[in-house]
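In this note's numbering, the protein residues as written are 15 to 107.
Shown next, in the form of structure tokens:
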């Protein structure tokens, strides 16, 4: 499985269907994405989802927090919330 870290995705299945998340990691053994939004799912305890249960919204979102995440640095929940809020506001405009 390739590295999807930093992608912005929407949950297409499950109880969080329609929610916007950031991929904070990949579980190579189980072929699952690790998703967090900073509110319901914190970066310290991300949600595991199969690749088929999400729809990608952006894989090249230009934001300093996403670059930090791609470099392997830890991201705070506050940074994650602000990044997703900025992304959603750009999508609506």
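Cβ coordinates follow ideal geometry from the N, Cα and C atoms, glycine included.
_Cβ pair residue 89, residue 63 closer than 9 angstroms_ = Indexing the chain shown from 1 puts residue 89 at position 75. Indexing the chain shown from 1 puts residue 63 at position 49. Their beta carbons are not under 9 angstroms apart, which means residue 89 does not touch residue 63 by this criterion.
*Answer yes or no: do residue 65 and residue 79 have a C-beta to C-beta separation smaller than 9 angstroms?*
As a position in the chain shown, residue 65 is number 51, starting the count at 1. As a position in the chain shown, residue 79 is number 65, starting the count at 1. Their beta carbons are not under 9 angstroms apart, which means residue 65 does not touch residue 79 by this criterion.
*Measuring alpha carbon to alpha carbon, tell me which of 42, 45, 43, 20 ends up nearest residue 35.*
Within the chain shown, the letter at position 21 stands for residue 35. The candidate whose alpha carbon is nearest that of residue 35 is 20.
*chain B beta carbons: is any one of them nearer than 9 angstroms to that of residue 46?*
In the displayed structure, chain B is absent; only one protein chain is listed.
_Could you compute how far the alpha carbon of residue 82 sits from the alpha carbon of residue 52?_
Your numbering for residue 82 matches position 68 in the chain shown. Your numbering for residue 52 matches position 38 in the chain shown. C-alpha separation (whole angstroms): 16 angstroms.
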